[in-house]
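Add 4 to the 1-based position in the sequence shown for the numbering used here, that's all there is to it.
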Amino acid sequence: MSYETVLHDVSERICTISLNRPEKRNAFRPQTVNELFDAFSRVRDNPRIGVVLCHPHPLYGGTLHNPVIFHADRELNRAGHATLRFNFRGVGQSDGVYDEGRGEREDLRAVIEYVLSQSPGARIATVGFSFGSWIALDVGRTHPRVQALAGMAPP
5 MSYETVLHDV SERICTISLN RPEKRNAFRP QTVNELFDAF SRVRDNPRIG VVLCHPHPLY
65 GGTLHNPVIF HADRELNRAG HATLRFNFRG VGQSDGVYDE GRGEREDLRA VIEYVLSQSP
125 GARIATVGFS FGSWIALDVG RTHPRVQALA GMAPP
């Protein structure tokens with residue numbers, strides 16, 4: 005599974021990440037849709053660990069600005085890790101609509117691939133809160149590059 009970064013601005017501020025995400029493939033040519041993710045990234049030069057943080061349930065007010073996710077992001081960055089928290093599909097400026105966890109898993113996979121494209125040598129950790137922990141733990145346990153998992157208040 006490969007994802008191509010089309011547009012990115014990873015500095016310590018809100019940014020938009022645009023990814024071409026494969027939806028269908030056939031033997032002749034892949035068909036893709038453009039997905040935008042609303043994200044906040046704290047960048048480190050040559051990070052050893054890249055942490056992707058997932059917010060609570062999108063239908064109940066969960067966003068990348070959730071206080072638990074915000075503070076986890078800040079403290080992980082203070083500990084020396086590169087961090088990225090993003091809005092799932094349909095939240096904030098992210099494209100799409102809520103997909104009962106299926107599409108949100110794809111969102112996390114796409115963001116993990118984006119982080120790996122920016123820092124190929126980094127070890128990846130997925131962290132989530134509530135609904136986000138469900139997604140982070142499930143995707144993290146099956147993704148071959150994720151080496152650490154953390155779930156806060158899993159459902």
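Glycine included, C-beta positions come from ideal geometry on N, C-alpha and C.
Hey, how far is the Cα of residue 114 from the Cα of residue 82?
25 Å
Please report how far the alpha carbon of residue 73 lies from the alpha carbon of residue 93, in whole angstroms.
17 Å
Assess, as a yes-or-no matter, whether the segment 129-136 is touched by the segment 51-60 under the definition of 3 or more beta carbon pairs within less than 8 Å.
yes
Please confirm if residue 146 has its CB atom under 8 Å from at least one CB of chain B.
Looking at the structure shown, chain B is missing, and only one protein chain is on hand.
Classify residue 49: buried if its beta carbon has 16 or more other beta carbons within 10 angstroms, exposed otherwise.
exposed
Please report how far the alpha carbon of residue 52 lies from the alpha carbon of residue 103, in whole angstroms.
32 Å
Restricting to Cα atoms, I'd like to know which of 145, 128, 68, 80 is closest to residue 95.
68
Count the other C-beta atoms from every protein chain shown that fall within 10 angstroms of the C-beta of residue 118, then say buried if there are 16 or more, exposed otherwise.
buried
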